[in-house]
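*Asks:* Dropping a structure here in structure tokens format, bear with me for questions.
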Amino acid sequence: MTNPLTPAWLRRLGDEWLLTLFATVALLLALVDPVPLARYGRWLQLPTLAGLLGLMIAIQGIRDSGLVQHAATRLLVRARTLRGLGLLLVTVTAALSMVLTNDVSLFLLVPLTLVIGDLSNLPTGRMVVLEALAVNTGSTLSPIGNPQNLLLWQHAHVPFLRFVAAMLPAFVVMFALLATLTLTWLPRHGVELSPERLDERPVSHRLGRMSILALACMVLAMEYGHPGLGAGALLALFLLFARPSLRRLDWLLLVTFAAIFLALGHFTELPLVSRLLGHLDLDHPLTLYLGGIAASQLISNVPATVLLLNRTHDTLLLAVAVNVGGFGVAIGSLANLIAMRLAGRARDWRMLHRISLPFLLASAPLVYLAMRWLG
528 MTNPLTPAWL RRLGDEWLLT LFATVALLLA LVDPVPLARY GRWLQLPTLA
578 GLLGLMIAIQ GIRDSGLVQH AATRLLVRAR TLRGLGLLLV TVTAALSMVL
628 TNDVSLFLLV PLTLVIGDLS NLPTGRMVVL EALAVNTGST LSPIGNPQNL
678 LLWQHAHVPF LRFVAAMLPA FVVMFALLAT LTLTWLPRHG VELSPERLDE
728 RPVSHRLGRM SILALACMVL AMEYGHPGLG AGALLALFLL FARPSLRRLD
778 WLLLVTFAAI FLALGHFTEL PLVSRLLGHL DLDHPLTLYL GGIAASQLIS
828 NVPATVLLLN RTHDTLLLAV AVNVGGFGVA IGSLANLIAM RLAGRARDWR
878 MLHRISLPFL LASAPLVYLA MRWLG
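Numbering-wise (our numbering), the sequence shown opens with residue 528 and increments by one.
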């Protein structure tokens with residue numbers, strides 16, 4: 528229970544524990560290992576932050592328009608069981624992540640899930656955890672599903688379909704586990720609507736159309752390498768026509784990711800880390816596979832990809848390893864952090880780890896065996 532005498536700023540720091548943790552790590556590394564200022568600019572990953580800002584603006588507009596609530600009501604009317612509804616949401620989330628990337632899929636589906644949970648007996652905490660697993664699973668299959676796949680696909684210089692074929696065994700194993708988990712973890716009950724919670728406010732079609740168009744433009748801007756331009760355009764658009772949506776934006780999420788990028792970027796370039804990696808035989812398949820998973824658990828799968836990319840010749844096996852490494856601890860994939868932040872409840876972090884860690888322990892050996900058997 529929160530002590531009412533605790534200063535407001537201290538309570539806020541407690542709520543923003545992830546920001547506090549990584550900001551502290553970044554500061555300590557800056558003191559222990561001073562580097563030129565230009566390095567910080569590179570570690571900050573401004574294009575990624577700009578892309579995240581643009582997506583947040585567009586999705587906030589869609590939520591404020593009432594379209595999410597309207598879609599949730601229509602979906603619930605057709606749903607029969609919680610397990611059927613959950614499997615549908617998991618499948619759609621995984622499919623979208625193959626095309627729209629894992630973070631875009633979460634920004635679309637998690638707000639919808641939260642509204643569905645408010646209108647019915649769907650356990651939203653469990654469902655958001657399943658959706659976090661779903662985007663990590665679905666984006667594994669596609670070269671454009673997540674940042675590490677895009678980087679590795681471009682580095683490997685292989686055809687699109689060859690990359691998909693290489694990732695298919697991992698995807699099949701992980702999705703089978705995910706579907707089984709969904710059908711056993713969600714309650715067996717039918718869907719129960721709560722009519723008193725139905726939001727009857729009219730939908731703002733003007734804001735909805737503008738926000739959907741903004742989202743499409745932002746995705747295209749990211750696809751063609753202009754996230755800063757896209758985010759700037761959306762910021763100007765919403766300043767002119769939808770300023771209240773900007774006020775409701777989760778700005779601290781951006782600051783949190785900036786702190787994470789600075790801390791992890793600096794950590795991966797420490798001389799000690801480079802020396803330790805020099806002792807690993809990353810040309811051995813099992814060493815590379817376990818190393819990619821372990822590095823993802825420590826520093827997240829995108830920095831792990833950058834760290835190991837030029838130390839191995841088997842780019843496709845590295846892709847499998849860092850995608851599997853997205854499960855486990857929350858930091859394994861930035862998509863996990865986005866999902867939990869959108870859910871906005873502290874207990875969901877504990878639930879994520881209770882499910883995601885066993886999921887990693889189950890999927891890692893099965894994926895490796897499937898790769899070896901089919902390879």
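Cβ atoms here follow ideal geometry from the backbone N, Cα and C, with glycine treated the same way.
Do you know offhand how far residue 529's Cα is from residue 678's?
*Replies:* Only weak support is given to the placement of residue 529: the predicted model assigns it a pLDDT of 49, under 50, and the question is left unresolved by the model.
*Asks:* Sort 591, 759, 851 by Cα distance to residue 696 and report the nearest one.
*Replies:* 851
*Asks:* Between residue 578 and residue 624, how many whole angstroms is the CB-CB distance? I'm expecting something under 8 Å.
*Replies:* With 8 Å as the limit, residue 578 and residue 624 do not qualify as a contact, their Cβ atoms being about 15 Å apart.
*Asks:* Cα-Cα, which of 628, 829, 681, 896 is closest to residue 668?
*Replies:* 628
*Asks:* Note the first and the last residue of the continuous alpha helix (DSSP H) segment covering residue 567.
*Replies:* 564 to 570
*Asks:* Given residue 655, which residues of its chain have a CB within under 7 Å of its CB, disregarding the five upstream and five downstream residues?
*Replies:* 637, 640, 866, 870, 875
*Asks:* Would you list the one or two residues that DSSP bridges to residue 608?
*Replies:* 717
*Asks:* Specify the secondary structure class of residue 647 as computed by DSSP and reduced to three states.
*Replies:* If DSSP states are grouped into helix, strand and coil, residue 647 belongs with the strands.
*Asks:* In terms of alpha-carbon separation, which member of 864, 900, 848 lies closest to residue 633?
*Replies:* 864
*Asks:* What does a CB cutoff of less than 8 Å around residue 810 pick up in its chain, not counting 5 residues either side in sequence?
*Replies:* Once the five neighbours on either side are set aside, the close Cβ partners of residue 810 are 839, 840, 841.
*Asks:* From the DSSP output, in three-state form, read off residue 576 for me.
*Replies:* helix
*Asks:* Alpha helix (DSSP H) containing residue 730: first to last residue?
*Replies:* Counting along the chain, residue 730 falls outside any alpha helix (DSSP H), and DSSP gives it neither H nor E.
*Asks:* Are residue 720 and residue 610 touching if we call contact CB-CB under 8 Å?
*Replies:* no
*Asks:* Tell me the rounded alpha-carbon separation between residue 886 and residue 768.
*Replies:* 44 Å
*Asks:* From residue 828 to residue 854, what does the alpha carbon distance come to, in whole angstroms?
*Replies:* 10 Å
*Asks:* Within 10 Å of its beta-carbon, does residue 816 have 16 or more other beta-carbons around it, so buried, or fewer, so exposed?
*Replies:* buried
*Asks:* By the three-class DSSP mapping on this structure, what secondary structure does residue 667 have?
*Replies:* helix
*Asks:* Touching or not, the region 573 to 589 and the region 753 to 768, by the rule of three or more beta carbon pairs under 8 Å?
*Replies:* Two segments are said to touch when three or more pairs of C-beta atoms, one from each, lie closer than 8 Å; by this definition the region 573 to 589 touches the region 753 to 768.
*Asks:* Closer than 7 Å to a non-hydrogen atom of the ligand SAM - does that hold for the CB of residue 794?
*Replies:* Only the bare structure without any ligand can be found here, which leaves the ligand SAM out of the picture.
*Asks:* Over the uninterrupted alpha helix (DSSP H) stretch that includes residue 816, give me the two end residues.
*Replies:* Taken as a continuous stretch (DSSP letters only), the alpha helix (DSSP H) holding residue 816 covers 812 to 826.
*Asks:* CA-CA distance, residue 774 and residue 646?
*Replies:* Approximately 26 Å, taken between the alpha carbons.
*Asks:* Could you check which residue in 708, 570, 688, 693 has the C-alpha nearest to that of residue 661?
*Replies:* With distances taken between Cα atoms, residue 661 lies closest to 708.
*Asks:* Give me, in chain order, the residues of the same chain whose beta-carbon lies closer than 6 Å to that of residue 858; leave out the 5 immediate sequence neighbours on both sides.
*Replies:* 827
*Asks:* Is residue 551 buried or exposed, if buried means 16 or more other CB atoms sit within 10 Å of its CB?
*Replies:* exposed
*Asks:* Any idea if residue 563 is buried or exposed, counting beta-carbon neighbours within 10 angstroms, 16 or more meaning buried?
*Replies:* exposed
*Asks:* Should residue 793 go down as buried or exposed, given a rule of 16 or more other Cβ atoms within 10 Å for buried?
*Replies:* buried
*Asks:* Would a C-beta distance cut-off of 8 Å place residue 783 and residue 833 closer than the cut-off?
*Replies:* no
*Asks:* Note down the Cα distance separating residue 618 from residue 572, rounded to an integer number of angstroms.
*Replies:* 31 Å
*Asks:* By alpha-carbon positions, which one of 799, 715, 741 ends up nearest to residue 560?
*Replies:* Ranking 799, 715, 741 by Cα distance to residue 560 puts 799 first.
*Asks:* Label residue 861 either buried or exposed according to how many other C-beta atoms from any shown protein chain fall within 10 Å of its C-beta, with 16 as the threshold for buried.
*Replies:* The residue is buried, with at least 16 neighbouring Cβ atoms inside 10 Å.
*Asks:* On the criterion of 16 or more Cβ atoms from any shown chain inside 10 Å, does residue 766 qualify as buried, or is it exposed?
*Replies:* exposed
*Asks:* Quick check: the Cα distance between residue 603 and residue 591, rounded to an integer number of angstroms?
*Replies:* 20 Å
*Asks:* What residue range is occupied by the uninterrupted alpha helix (DSSP H) comprising residue 839?
*Replies:* Annotation for residue 839: no alpha helix (DSSP H) segment contains it, and DSSP assigns it neither H nor E.
*Asks:* Is residue 872 helix, strand or coil by DSSP?
*Replies:* Reduced to three states, the DSSP call for residue 872 is coil.
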